[in-house]
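Reviewing the structure listed below.
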Amino acid sequence: MFRFALVGGVNTGTFFGCYLLLHPWMPYFAAYSLAFLLSMIGSFFLNTYFTYRTRPTWKKFALFPLTNVTNYLVQSVGLYALVTWAGMDDRIAPLVAAVVAIPFTYLISQRILVPRSTGRPADTPGPSGPSGPGSETDERQPSRLA
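See the structure below:
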């Protein structure tokens, strides 16, 4: 959870920095959406390598945006409500909306990025062969770089 929070802080800083850079050049919601997309790519790599210590794959990269759909929806609704209904400054509202979305993002990203246990011993052959070193179930081994 600590690593997730640390990555979340870095990701939020990246998102907010991109948002502030883009905001003067486009409407706030367009700047928000583009900053969200850019930070999501960075989030994928930080979460795979550092938070969950698993290998990134094209399949996970393709599925990762799906994990962020809920996050995007929670943040978008929150952003709209905070700016439109609560009258919050549109430069600050994205941060408040991001904090509300944290628990949703954690649960969904963990489900996508961390391989599920098959319940078999590591040396027992499965439908696609043994699940020893280098297999999908071996992905959670700690990285020597992190």
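Position one of the sequence shown corresponds to residue 1 (the UniProt record's numbering), numbered consecutively onward.
Glycine included, each C-beta is placed from N, C-alpha and C at the ideal position.
This one's a predicted model, so the numbers in the text were calculated from it and none came from an experiment.
Measure the beta-carbon distance from L113 to N11 and round it to whole angstroms, keeping in mind my assumption that it falls under 8 Å. Counting from 1 along the sequence shown, the entry for residue 113 is found at position 113. Counting from 1 along the sequence shown, the entry for residue 11 is found at position 11. Between N11 and L113 the Cβ distance is about 14 Å, and since that is not below 8 Å, they are no contact.
Through-space distance from R116 to D89, alpha-carbon basis: To locate residue 89, count along the sequence shown from 1; it is residue 89. To locate residue 116, count along the sequence shown from 1; it is residue 116. If you take the alpha carbons of D89 and R116, they lie about 42 Å apart.
Could you check if V99 is buried or exposed, using at least 16 other CB atoms within 10 Å of its CB as the buried criterion? In the sequence shown, residue 99 corresponds to position 99, counting from 1. Exposed is the call here.
Hey, out of N71, S39, L34 and K60, whose CA is closest to L107's CA? Indexing the sequence shown from 1 puts residue 107 at position 107. The shortest C-alpha separation from L107 is found at N71.
Hey, could you find the ends of the alpha helix (DSSP H) P94 is sitting in? Working through the sequence shown from its first residue, we reach residue 94 at position 94. From DSSP, the alpha helix (DSSP H) with P94 extends over A93 to L113.
Start and end of the alpha helix (DSSP H) containing T14? Translated into positions along the sequence shown, residue 14 becomes position 14. Its alpha helix (DSSP H) spans residues F2 to L22.
Below 8 Å between beta carbons: does that hold for A30 and C18? Taking the first residue of the sequence shown as 1, we reach residue 30 at position 30. Taking the first residue of the sequence shown as 1, we reach residue 18 at position 18. In this structure, A30 keeps its C-beta atom at 8 Å or more from the C-beta atom of C18.
Do T67 and S109 have their CB atoms nearer than 8 Å? Along the sequence shown, read from residue 1 onward, the residue named residue 67 stands at position 67. Along the sequence shown, read from residue 1 onward, the residue named residue 109 stands at position 109. Their beta carbons are under 8 Å apart, which means T67 touches S109 by this criterion.
Do P27 and F45 come within 8 Å of each other at the CB atom, strictly closer than that value? Along the sequence shown, read from residue 1 onward, the residue named residue 45 stands at position 45. Along the sequence shown, read from residue 1 onward, the residue named residue 27 stands at position 27. It is not a contact, given that the beta carbons lie outside the stated cut-off.
Report the three-state DSSP secondary structure of A86 (helix, strand or coil). Numbered from its first residue, the sequence shown carries residue 86 at position 86. If DSSP states are grouped into helix, strand and coil, A86 belongs with coil.
What separation, rounded to the nearest whole angstrom, lies between the Cα atoms of A122 and R53? Here residue 122 refers to the residue found at position 122 of the sequence shown. Here residue 53 refers to the residue found at position 53 of the sequence shown. Residue confidence for A122 is low, a pLDDT of 44 falling below 50, so the modelled location carries little weight; the figure read from the coordinates is stated next. Distance between the alpha carbons of A122 and R53 is about 18 Å.
Secondary structure of T57, DSSP reduced to three states: On the sequence shown, residue 57 is found 57 positions in, with the first residue counted as 1. Coil at T57, not helix or strand.
If we define contact as Cβ-Cβ less than 8 Å, is A31 a contact residue for chain D? The question asks about chain D, but that chain is absent: this structure has only one protein chain.
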